[in-house]
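My numbering puts the first residue of the sequence shown at 807, with every later residue one more than the last.
Here is the structure we will look at.
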Amino acid sequence: MRFEIMRLDDVTGSAMDSTIVDAASVNRIVQQAAEIGQRLYIRPAEAPAS
Numbered sequence: 807m808r809f810e811i812m813r814l815d816d817v818t819g820s821a822m823d824s825t826i827v828d829a830a831s832v833n834r835i836v837q838q839a840a841e842i843g844q845r846l847y848i849r850p851a852e853a854p855a856s
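This is the structure:
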């Protein structure tokens, strides 16, 4: 499964950028964000049309 992870602006809460990652990468990214106090929004990525 793939997820979209968006970094959120600390002041406005709006998405600054996003990336699509596999499930195995989510934990690492969340831990890195927690270390520096970065806010994230994570949601399942849409499956590409077949």
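For every residue, glycine included, the Cβ atom is placed at its ideal position computed from N, Cα and C.
Quick caveat, the model's predicted, so the values are computed rather than measured.
Just reading off the beta strand (DSSP E) that residue i is part of, what are its end residues?
i, result
"S824", "821-828"
"E810", "808-814"
Mind reading off the beta-carbon distance from residue i to residue j? Whole number of angstroms is fine, and I expect it under 8 Å.
i, j, result
"M822", "R813", "5 Å"
"M807", "A829", "5 Å"
Would you call residue i buried or exposed, if buried means 16 or more other Cβ atoms sit within 10 Å of its Cβ?
i, result
"I811", "buried"
How big is the Cα-Cα spacing for residue i and residue j?
i, j, result
"V827", "F809", "5 Å"
"L846", "T825", "11 Å"
"V832", "G843", "16 Å"
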